[in-house]
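Encoded as C-alpha cells, the structure appears first; notes follow it.
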Amino acid sequence: MGRVGLGVAVGCAAVTCAIAAALVARRASARARWRRAVALLREFEEGCATPPARLRQVVDAMVVEMHAGLASDGGSKLKMLLTFVDALPNGNEDGIYYSIDLGGSNFRVLRVEVGAGSVINQKVEQQPIPEELTKGTTEDLFDFVALALKSFLEREDGQDVKKALGFTFSFPVRQNSVSSGSLIRWTKGFSIGDMVGNDVALCLNNALARCGLDVRVTALVNDTTGT
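With my numbering as the guide, the letters of the sequence shown map in order to residues 181 to 407.
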C-alpha cells in the first residue's frame, strides 16, 4: 500500500472513530437526559401523592357528612336523600325485568333478562321527549312515557303477564318507600308546575293504568343510586 493509500485509510479510520465517538456521546447524553426526566417525574409523583392516612381522613369526613345529611335537612354540606335501597344484587337473580329511565331530553325503556349471575339478554330503546312536554302537564308527560312503554312491551313480550317496573327518575325526590317518592323540584329544563310535591311513581302508575297496562312501579331510584 502506497503512502497515498495509507493516508486515505488512516483518514477513513479517523473519521469512523470520530463518528462512532459522536454517536456514543449522543447516546450517553440521551440516556442522561432520560434519567433526569425519570427522576423529575418520580419527584413530581411523590410530591403529588396523597398519603394513605390523609385519604382515610377524607373518607371518614365524607362519611360523617353523609350521615349528618341523612339525619336532617340542611344538616350537612352534602345534599343527601334516602333511597330505601338496603341491599345490592347478590348474583342469584333470574328472570325478565323492565325499567324506565326518565331524565333530561330523552328517556329510555329497558328489558333485561338475567340468570346464572349474568345478563343473558338486554334490549334498550331511547326516545326523545318533545320540549312542549317538559313544560306541559304531569298527565301529558307520563301518558307519553306510558304509551312508549306499551308499544315496547307489545313488540317484545305482549301484555298477558303482570309486570313489575323499575323507575329511574333523575330529579330530586323525597322518597317515602322503595316504590314511592314526591318530587322536590325540577331540574334539567323541566318546569311542570303541577308535578312538584306529588308522588312520581303514582303518577306513572296512573298513566300506565290509563293505557290499559297491568304494570306497576315496584322500585323508584334516583339516577345516582341506579348508577
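A virtual CB, placed ideally from N, CA and C, is assigned to each residue, including glycine.
Enclosing alpha helix (DSSP H) for residue i [first to last residue]
i	result
K330	T318 to E336
C383	V380 to R390
Cβ-based burial, residue i [other Cβ within 10 Å; buried from 16]
i	result
V395	buried
S337	The sequence given here has Asp at residue 337, not Ser. Exposed, since its Cβ has fewer than 16 Cβ neighbours within 10 Å.
A189	At A189 the pLDDT is 46, less than 50, meaning the model places this residue with poor confidence; the figure from the coordinates comes in the next sentence. It counts as exposed.
C391	buried
T407	exposed
L235	exposed
N224	Sequence check: residue 224 is Phe here, not Asn. It counts as exposed.
V195	Because V195 sits at a pLDDT of 49, beneath the cut-off of 50, its placement in the model cannot be relied upon, and the following sentence gives the value as read from the coordinates. V195 should be labelled exposed.
Within-9 Å CB hit, residue i to chain D
i	result
G295	In the structure shown, chain D does not exist; there is a single protein chain.
9 Å Cβ cutoff met for residue i and residue j
i	j	result
F370	T314	yes
V289	L329	yes
L384	V325	yes
L345	L282	no
N286	P269	no
K343	Y278	yes
Residue range of the unbroken beta strand (DSSP E) whose run includes residue i
i	result
V299	S298 to P308
T398	V395 to V401
Inset, instruction - Assess, as a yes-or-no matter, whether the segment 258–269 is touched by the segment 388–406 under the definition of 3 or more beta carbon pairs within less than 8 Å. - result: Flag = yes, the segment 388–406 and the segment 258–269 touch.
Legend entry - Sufficient close CB pairs (3 or more, under 8 Å) joining the segment 358–365 to the segment 276–294: Cβ pair count under 8 Å is below three, so no.
Inset, instruction - Please determine if the segment 372–390 and the segment 318–327 are in contact, where contact requires at least 3 C-beta pairs separated by less than 8 Å. - result: Yes, they touch.
Legend entry - Continuous beta strand (DSSP E) assignments of at least 3 residues falling wholly in the segment 347–378: Taking only runs of at least 3 residues, the beta strand (DSSP E) segments lying wholly in the segment 347–378 are 353–357 and 360–363.
Inset, instruction - With a floor of 3 residues, list each beta strand (DSSP E) that falls wholly inside the segment 213–301, ordered by position along the chain. - result: The qualifying runs are 275–283 and 286–295.
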